[in-house]
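Engineer:
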Amino acid sequence: MFDVFAINRWQYYRELLVQLIIYILVLLVSAVFIWLLFDLTRGGLAHLSWEFLTESPRDAGRAGGIGSILVSTLLILLVALFVAVPLAWTTAALLSEFVPTTSQFGMTVRFSLQVLAGVPSIVFGLFGNAFFSIYLGLGFSILSGGLTLACMLLPILVSTAEAGLRAVPQSYRLSAAALGLSRTATLFQLLLPAAAPTLAAGLLLGIGRAVAETAALLFTSGYVDRMPGSLLDSGRALALHIFDLSMNVPGGDTPAYASALVLVVLLLSINIMAMKLAYGLQRKRIMSV
Amino acid sequence: MFHSVLTDTLVRWILRAGAVISALVMLLILIFLLIESWPVLGQITPTRFFTDASWHPLEGAYNLMPMLSGTLLASVGALLLAIPLGIASALFIIFYAPAFFVLPYQRLIELLAGIPSVVFGFWGLTTLVPLINQFHPPGASLLAAILVLTLMILPTITLTTHSALKAVPDEFLHGAAALGLSRWGMIYGVVFPAAHAGIVAGIILAAGRAIGETMAVLMVAGNVVQHPQGLFDPIRTLAANIALEMAYAMDDHRAVLFVSGLLLMILVMMLSAMAGKIGKHKYV
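First to last, the protein sequences are chains C and G. The numbering of the first sequence is this note's numbering, which starts it at 1 and goes up by one. The numbering of the second sequence is this note's numbering, which starts it at 1001 and goes up by one.
#1: Does DSSP put L16 of chain C in a helix, in a strand, or in coil?
#2: Report buried or exposed for W35 of chain C, applying the criterion of at least 16 other Cβ atoms within 10 angstroms of its Cβ.
#3: In the structure shown, what three-state DSSP assignment does G1222 of chain G receive?
#4: Of all Cβ atoms in chain C, is any one closer than 8 Å to the Cβ of W1297 of chain G?
#5: Since M247 of chain C meets chain G, which of its residues come closer than 7 Å, beta carbon to beta carbon?
#6: Quick check on E213 of chain C: buried or exposed, where buried means 16 or more other Cβ atoms within 10 Å of its Cβ?
#7: Compute the distance between the beta-carbons of I1044 of chain G and L126 of chain C, then report whether it is under 8 Å.
#8: If I measure Cβ to Cβ from A1050 of chain G and keep anything under 8 Å in the same chain, skipping five residues before and after, which residues do I get?
#9: Residues in its own chain within less than 6 Å of H1253 of chain G by CB, not counting five upstream and five downstream?
#10: Report yes or no: is there a C-beta of chain G within less than 8 Å of the C-beta of R14 of chain C?
#11: Against G1070 of chain G, what residues of chain D qualify as contacts under a CB-to-CB distance less than 9 Å, listed in chain order?
#12: For S288 of chain C, collect the residues of the same chain with a Cβ closer than 6 Å to its Cβ; drop the 5 residues on either side in sequence, then sort them by chain order.
#13: How is the alpha helix (DSSP H) around G125 of chain C delimited, first residue to last?
#14: My assumption, with CB atoms under 8 Å, is that G235 of chain C sits in contact with I76 of chain C. Please give the rounded CB distance.
#15: What residues match up with R58 of chain C in a beta bridge as DSSP calls it?
#16: Return no unless some Cβ of chain C is closer than 8 Å to the Cβ of Y1096 of chain G.
#17: In whole angstroms, what is the alpha-carbon distance linking L267 of chain C and V1119 of chain G?
#18: Report the start-end ranges of each alpha helix (DSSP H) in the region 142-205 of chain C that is 4 residues or longer and not cut off at the edges.
#19: Using the Cβ count rule (16 or more neighbours within 10 Å means buried), how would you classify Y172 of chain C?
#20: Determine whether the Cβ of I1203 of chain G lies closer than 8 Å to any Cβ atom of chain C.
#21: Counting only C-beta atoms, is A1239 of chain G closer than 8 Å to chain C at any point?
#22: Mapping DSSP to helix, strand and coil, what is H1196 of chain G?
#23: Put Y989 of chain G into one of helix, strand or coil per three-state DSSP.
#24: Chain G partners of N271 of chain C, CB-CB under 8 Å?
#25: To the nearest whole angstrom, what separates the beta carbons of V1148 of chain G and G1139 of chain G, a pair I think is in contact under 8 Å?
#26: Measuring alpha carbon to alpha carbon, tell me which residue in C:V85, C:P120 and C:A215 is nearest A201 of chain C.
#27: Relative to the C-alpha of A1074 of chain G, which residue among G:G1202, G:G1060, G:L1108 and G:R1209 is closest?
#28: Are G1114 of chain G and S1163 of chain G touching if we call contact CB-CB under 8 Å?
#29: Note down, in chain order, each residue of its chain lying with its Cβ closer than 6 Å to the Cβ of G145 of chain C, except the 5 sequence neighbours on either side.
#30: What residue from G:A1090, G:L1080, G:I1211 and G:F1032 has the CA that sits closest to A1195 of chain G's CA?
#31: Based on DSSP bridge pairs, tell me the residues matched to W1055 of chain G.
#32: In or out: I286 of chain C buried (at least 16 other Cβ within 10 Å) or exposed?
#33: Counting beta carbon pairs with one atom in the region 49-56 of chain C and one in the region 106-123 of chain C, are three or more of them shorter than 8 Å?
#34: Check the DSSP bridge columns for I1278 of chain G and list the partner residues they point to.
#35: When we look at the beta-carbon of L1271 of chain G and count the other beta-carbons within 10 Å, is it buried (16 or more) or exposed?
#36: Rounded to whole angstroms, what's the CA-CA distance from V265 of chain C to L37 of chain C? Just pull it up for me.
So this is what it looks like as structure tokens:
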């Protein structure tokens, strides 16, 4: 980036040394990570097939596939989103459009969400077990797993949606007010559509977080690997399936590799979509200014 | 006109209700952790968590210290490795990389930031643990936990350091270049001081993540409750302990697990409060 006009010899060697160290460290990091990705691909690809994706696991997961696991994962995710998204987006709309940034109420809500964002996932698991499974009597079920995840997703959904709404140019709000639109109409007709790409990107990030989660689901949605019949059945999430296969099932490594590959590819595509949406938004903004 | 004012009020109340519920979730979690740990917290003095002879919860011995030390050792070890690697990665992306490598390397780090902990744990279990086992059995050890945690927090440190370095105003760099500073002279003398608050905040964030991490550590650390004598001894962390014993814990034992959850949460909350405070002081 900058030309180096080395003043003396010592400085010149120091520059070279620092550059060398940084290159070596970066090479090391890249090598380890490529090793990891290569291992996953090589271990999983051979076992991957259409049958693996659609069949239910047999023999504790050594044979069969992950069909029922995928269904459980999807159901847990849907429950979580169904609860968390309305709560998160109303909170974000209130924080960015209806209360002043420095108001006591806004600060309290924001602080509470900030703390929530730092809570370790195993603690969400403890809470979910105590509150949803036992206190509310939902037992080990997809419903209590999904509700636990909903609590986990709140902070990320709120913060992305709030950032998206705040990024809408102030002139939109002023023009709407000048045209005599009510604040509700401004919110629904103007601000939410304008912020839609960020809302979607935040939603995808939340989905990624939820699909990757294991610890919070251990004692809430449970271990049962059969096809779930209702939301009150226990259902095993994909991440938990990988954990169980590798820790508790001797000879479960091959299906575990394949499941891990499926999970990583799933998360990768979700993240790429989220990034595309976020970048697309930036480009649109630059063009419209 | 009246109609729209009415809708506005209604919508405002609906939004307010949503926000109140969102804010109450945190309170609800705290209350339930306290209620569940009360059978033990109300009965015994908290010092017993540090002075009991051992961790034998079924016989009423609740020494959490070995697990606390395991948690801290694994986290500190991971930070010691991940901080230089992460900062070097961020410096590489911004100052040192040939233009051709910037984007691929950045994408690689972002990709890794999205890999779930259970996959890191699985890879550690199938690749790292057998590898360490060849040098020094049993393989599942403090070292394995440190290495897996390093991989997990490295992307966090890289990405936060990257944005902290990027936030350094261009004039600073131009000024340094105009004064004839060498590249490292500029980074060490100008960029680091200007960006240090952001970098430290990112590191603290990563520390919180390392302390709270459960699955990856559980899979590679060996899970023996003991003060490790060396890098190759198995350890058990607080979070892993909860995951391991929740399934069969009853009564007081269960309550102690909630106490350790509470302890974990307080540790992480303190760290994130610190990160928030430091992160606010930008451009010293």
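Beta carbons: idealized from backbone N, C-alpha and C, even for Gly. Quick caveat, the model's predicted, so the values are computed rather than measured.
Structural biologist: So, to answer that:
#1: The residue labelled residue 16 of chain C in the question sits at position 16 within the first sequence. Looking at L16 of chain C - three-state DSSP - the assignment turns out to be helix.
#2: Here the question's residue 35 of chain C lines up with position 35 in the first sequence. Exposed.
#3: Here the question's residue 1222 of chain G lines up with position 222 in the second sequence. Reduced to three states, the DSSP call for G1222 of chain G is strand.
#4: The question about residue 1297 of chain G has no answer, for chain G in this structure spans 1001 to 1284.
#5: Along the first sequence, read from residue 1 onward, the residue named residue 247 of chain C stands at position 247. Correct list: M1219.
#6: Start at 1 with the first residue of the first sequence, and residue 213 of chain C comes out as number 213. Buried, because 16 or more other Cβ atoms sit within 10 Å of the Cβ of E213 of chain C.
#7: As a first step, residue 1044 of chain G must be located in the second sequence, where it is residue number 44. As a first step, residue 126 of chain C must be located in the first sequence, where it is residue number 126. For I1044 of chain G and L126 of chain C, no; Cβs fall outside 8 Å.
#8: Locating residue 1050 of chain G in the second sequence gives position 50, counting from the first residue. Per the sequence shown, residue 1050 of chain G should be read as Phe rather than Ala. Closer than 8 Å at Cβ, skipping near neighbours: N1063, L1064 and M1065.
#9: Working through the second sequence from its first residue, we reach residue 1253 of chain G at position 253. The residues are P1057.
#10: Counting from 1 along the first sequence, the entry for residue 14 of chain C is found at position 14. Yes, because at least one Cβ of chain G sits closer than 8 Å to the Cβ of R14 of chain C.
#11: Judged by its chain identifiers, the structure shown contains no chain D, and its protein chains are C and G.
#12: Along the first sequence, read from residue 1 onward, the residue named residue 288 of chain C stands at position 288. Only weak support exists for where S288 of chain C lies, its pLDDT of 49 falling under 50; the coordinates are left without a value.
#13: Counting from one through the first sequence, the residue named residue 125 of chain C turns up at place 125. S121 to G128 is the span of the alpha helix (DSSP H), which, as asked, contains G125 of chain C.
#14: The residue labelled residue 235 of chain C in the question sits at position 235 within the first sequence. The residue labelled residue 76 of chain C in the question sits at position 76 within the first sequence. The pair is a contact, with the Cβ atoms about 7 Å apart (cut-off 8 Å).
#15: Counted from its first residue, the first sequence places residue 58 of chain C at position 58. Answer is C:A63, bridged to R58 of chain C.
#16: Numbered from 1 along the second sequence, position 96 holds the residue referred to as residue 1096 of chain G. Yes, its Cβ sits closer than 8 Å to a Cβ of chain C.
#17: Indexing the first sequence from 1 puts residue 267 of chain C at position 267. Indexing the second sequence from 1 puts residue 1119 of chain G at position 119. Their Cα atoms are separated by approximately 12 Å.
#18: 142-166 and 170-178
#19: As a working mapping, residue 172 of chain C is identified with position 172 in the first sequence. When all chains shown are included, Y172 of chain C counts as exposed.
#20: For the purposes of this step, residue 1203 of chain G is taken as the residue at position 203 of the second sequence. Chain C contact via Cβ: absent.
#21: As a first step, residue 1239 of chain G is located in the second sequence; it is residue number 239 there, counting from the start. For A1239 of chain G, a Cβ of chain C is located within less than 8 Å of the residue's own Cβ.
#22: In the second sequence, the residue the question calls residue 1196 of chain G occupies position 196. Three-state DSSP puts H1196 of chain G in a helix.
#23: The structure shown has nothing for residue 989 of chain G, since chain G only spans 1001 to 1284.
#24: Within the first sequence, residue 271 of chain C is the residue found at index 271, counting from 1. Neighbours of N271 of chain C on chain G, chain order: E1110, L1111 and G1114.
#25: Position 148 of the second sequence, counted from the first residue, corresponds to residue 1148 of chain G. Position 139 of the second sequence, counted from the first residue, corresponds to residue 1139 of chain G. That belief does not hold up - the Cβ atoms of V1148 of chain G and G1139 of chain G are roughly 13 Å apart, past 8 Å.
#26: The residue labelled residue 201 of chain C in the question sits at position 201 within the first sequence. Looking at the Cα atoms, C:V85 is the closest of the given residues.
#27: As a position in the second sequence, residue 1074 of chain G is number 74, starting the count at 1. Answer by Cα proximity: G:R1209.
#28: As a position in the second sequence, residue 1114 of chain G is number 114, starting the count at 1. As a position in the second sequence, residue 1163 of chain G is number 163, starting the count at 1. No. Outside cutoff.
#29: Taking the first sequence and counting its residues from 1, the one referred to as residue 145 of chain C is at position 145. If we look at G145 of chain C and ignore the five residues flanking it on each side, its Cβ neighbours are I76, L217, T220 and S221.
#30: As a first step, residue 1195 of chain G must be located in the second sequence, where it is residue number 195. Among G:A1090, G:L1080, G:I1211 and G:F1032, the Cα nearest to that of A1195 of chain G belongs to G:A1090.
#31: Indexing the second sequence from 1 puts residue 1055 of chain G at position 55. In the DSSP output, where bridge partners are listed per residue, W1055 of chain G has G:Y1062.
#32: Taking the first residue of the first sequence as position 1, residue 286 of chain C is located at position 286. Residue confidence for I286 of chain C is low, a pLDDT of 45 falling below 50, so the modelled location carries little weight; the figure read from the coordinates is stated next. Classification of I286 of chain C: exposed, given that the 10 Å Cβ count is below 16.
#33: no
#34: In the second sequence, residue 1278 of chain G corresponds to position 278, counting from 1. The partner list for I1278 of chain G (beta bridge, DSSP) is empty, contrary to what the question assumes.
#35: Numbered from 1 along the second sequence, position 271 holds the residue referred to as residue 1271 of chain G. L1271 of chain G comes out buried.
#36: Residue 265 of chain C sits at position 265 when you count from the first residue of the first sequence. Residue 37 of chain C sits at position 37 when you count from the first residue of the first sequence. If you take the alpha carbons of V265 of chain C and L37 of chain C, they lie about 11 Å apart.
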